[in-house]
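Asker: Encoded as structure tokens, here's the structure I'll be asking about.
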Amino acid sequence: MNLNYLLKMNKKIITLIICLLTTLTTLKAQNAKVVITLKNGDTIMGYGKIKSDYLKYRINRNEKSVKIHFSKLERVKIYYTGETTNYVYLKVKNEEKYKVLEEVETGNVNLYKLSKQVYSPGYMGSNGNIGSVGFSGGYSYNINSFYVKKNGETEAIHLASNELFSKNFKEEASEYFKDCPQLVLKIQNKELKKRDLIEIIEFYNHQCN
Numbered sequence: 009m010n011l012n013y014l015l016k017m018n019k020k021i022i023t024l025i026i027c028l029l030t031t032l033t034t035l036k037a038q039n040a041k042v043v044i045t046l047k048n049g050d051t052i053m054g055y056g057k058i059k060s061d062y063l064k065y066r067i068n069r070n071e072k073s074v075k076i077h078f079s080k081l082e083r084v085k086i087y088y089t090g091e092t093t094n095y096v097y098l099k100v101k102n103e104e105k106y107k108v109l110e111e112v113e114t115g116n117v118n119l120y121k122l123s124k125q126v127y128s129p130g131y132m133g134s135n136g137n138i139g140s141v142g143f144s145g146g147y148s149y150n151i152n153s154f155y156v157k158k159n160g161e162t163e164a165i166h167l168a169s170n171e172l173f174s175k176n177f178k179e180e181a182s183e184y185f186k187d188c189p190q191l192v193l194k195i196q197n198k199e200l201k202k203r204d205l206i207e208i209i210e211f212y213n214h215q216c217n
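In terms of this note's numbering, the sequence shown opens at residue 9 and continues consecutively.
See the structure below:
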């Protein structure tokens, strides 16, 4: 078997695995139970999934799905296996478009998350031996962006993400939580870091103001 054939087979196998994982994720989302809260307070129960800025849902599993824009919704609660997740539609500061965000923590300040799956393809390169070539398979990973919004604020603010090159968290968080000096001190002395974001939100909600 020549090298080119092996490389082509590896790429096909990786592509097939990604397609299977995507299909399983989609099927799971289609079968998820949802509780939809409209802007007027009415609720609808059914099954659905989020697709961009829309929710596709059906009252019964054997019905044709209906698409509704998130601007008409107050929130959507989705019952995944073993957990419940709320989604809201918010304006983000310094961005034109609204975003569908997952609600992580609530209180005097709310924490939201937006997850985006990114696929990195395989690459060809030297494997350390002269005249030889190696192949590294592709992989996928999630980029998680976190947003905060205090009660009374009309826009959410992007505070942190797990991207390699992102804003200075200590500086941004200290500015946003400046009305709570004891929390800012913990951030400044690195007692609480970006990885402790949920703990930071909980501290603000229970110890500040």
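No residue lacks a Cβ here, since even glycine has one placed at the ideal position from N, Cα and C.
1. Grab me the residues of G56's own chain with a C-beta within less than 6 Å of its C-beta, minus the 5 sequence neighbours each way, in chain order.
2. Would you call I86 buried or exposed, if buried means 16 or more other Cβ atoms sit within 10 Å of its Cβ?
3. Would you identify the three-state DSSP class for L200, choosing helix, strand or coil?
4. So within the segment 39–83, which uninterrupted beta strand (DSSP E) runs reach at least 3 residues, ignoring any that extend past its ends?
5. Just mark Q215 as buried or exposed, buried being the case when its beta carbon has 16 or more other beta carbons within 10 Å.
6. Measuring straight from C-alpha to C-alpha, what distance separates F211 and N197?
7. Skipping 5 residues on each side, what residues in its chain have a beta carbon closer than 6 Å to that of I26?
8. What number of angstroms, rounded off, separates the C-alpha of F177 from the C-alpha of V117?
9. By Cβ distance, which residues of its chain are closer than 7 Å to K158, with the 5 residues on each side in sequence left out?
10. Check the C-beta distance from V125 over to N150 and give it rounded, since I have them as a contact under 8 Å.
11. Express the C-alpha separation of R69 and M53 in angstroms, rounding to a whole number.
12. How should H77 be labelled, buried or exposed, when 16 other C-beta atoms within 10 angstroms of its C-beta is the threshold for buried?
13. For I165, which beta-bridge partners are listed by DSSP?
14. So what does N217 bridge to, in DSSP terms?
Answerer: So, from the listed chains and residues:
1. If you number the sequence shown from 1, residue 56 lands on position 48. Result list for G56: V42, L63, K64, Y65, in chain order.
2. As a first step, residue 86 is located in the sequence shown; it is residue number 78 there, counting from the start. I86 should be labelled buried.
3. Here residue 200 corresponds to residue number 192 of the sequence shown, with the count starting at 1. DSSP places L200 in coil when its eight states are reduced to three.
4. 41–46, 51–59, 62–66, 74–77
5. Counted from its first residue, the sequence shown places residue 215 at position 207. Exposed, by the Cβ-count rule.
6. Counting from 1 along the sequence shown, the entry for residue 211 is found at position 203. Counting from 1 along the sequence shown, the entry for residue 197 is found at position 189. So the two alpha carbons sit approximately 16 Å from each other.
7. Counting from one through the sequence shown, the residue named residue 26 turns up at place 18. No answer about I26 holds up, because its pLDDT of 47 lies below 50 and its placement is not dependable.
8. Numbered from 1 along the sequence shown, position 169 holds the residue referred to as residue 177. Numbered from 1 along the sequence shown, position 109 holds the residue referred to as residue 117. The straight-line gap from Cα to Cα measures roughly 17 Å.
9. Against the sequence shown, residue 158 aligns to sequence position 150. So the list reads N116, V117, once near-sequence residues are dropped.
10. Position 117 of the sequence shown, counting from 1, holds the residue named residue 125. Position 142 of the sequence shown, counting from 1, holds the residue named residue 150. It should be pointed out that residue 125 corresponds to Gln in this sequence rather than to Val. With 8 Å as the limit, Q125 and N150 qualify as a contact, their Cβ atoms being about 6 Å apart.
11. Position 45 of the sequence shown holds residue 53. Position 61 of the sequence shown holds residue 69. Computed Cα separation, rounded: 12 Å.
12. Locating residue 77 in the sequence shown gives position 69, where the first residue counts as 1. Classification of H77: exposed, given that the 10 Å Cβ count is below 16.
13. Residue numbering aside, residue 165 sits at position 157 when the sequence shown is read from its first letter. Bridge partners of I165: V156.
14. The count along the sequence shown starts at 1 and reaches residue 217 at position 209. Answer is none; N217 lacks a bridge partner.
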